[in-house]
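Just so we're aligned: 66 in numbering that gives the first Met the number 0 is position 67 of the sequence shown, and the numbers increase by one with no gaps anywhere.
The beta carbon of each residue, even a glycine, is placed where N, CA and C say it ideally should be.
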Amino acid sequence: MWNSLLALLDQYHGLIIGFAVLALVLPANLLIYRRNWTSYPTREAYLAAHPGCDTVDGIVCAKCRQKAASMAVPHAGRLYRCTWCDTELYRVDRA
0 MWNSLLALLD QYHGLIIGFA VLALVLPANL LIYRRNWTSY PTREAYLAAH PGCDTVDGIV
60 CAKCRQKAAS MAVPHAGRLY RCTWCDTELY RVDRA
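Encoded structure:
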């Protein structure tokens with residue numbers, strides 16, 4: 000039994016080491032870069048900061064004045080962004 004286990008470890012030791020390093024790097028990456036994550040404002044906060052963006056046609060981008068498009072965010076709601084200048088505008092959380 001031990002011989003077959005040692006043979007398996009000998010055959011796949013590079014793969015096992017690779018997954019172990021990946022298992023250490025991913026949480027470290029989360030801890031390092033989590034401080035730089037941004038939180039998108041709500042619709043009300045965006046309109047308070049940019050009052051001229053609320054038009055009859057809908058909410059427009061403060062940069063290029065194009066209409067915002069929505070993108071679904073799994074388990075969170077919707078993120079509205081400008082498709083022309085690729086700026087994230089605001090989020091609407093799922094109720």
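- Following the DSSP letters along the chain, one finds R64 in no beta strand (DSSP E), marked with neither H nor E.
- Under DSSP, C81 shares a beta bridge with A67.
- Apart from the 5 residues on each side of it in sequence, V72 sits with its Cβ closer than 7 Å to the Cβ of L78 in its chain, given in chain order.
- C60 and T41 have their C-alpha atoms some 14 Å from each other.
- Judged by pairs of C-beta atoms under 8 Å, the segment 2 to 13 does not touch the segment 38 to 56, as fewer than three such pairs exist.
- The three-state reading of DSSP puts V59 in strand, counting E and B together.
- Y39 and E87 do touch by the CB rule: their CB atoms are close to 6 Å apart, below 8 Å.
- In the displayed model, Y89 falls within a strand according to three-state DSSP.
- The shortest CA-to-CA distance from C84 to any of A22, R64 and A44 is the one to R64.
- Annotation: A47 to L23 spans about 42 Å, alpha carbon to alpha carbon.
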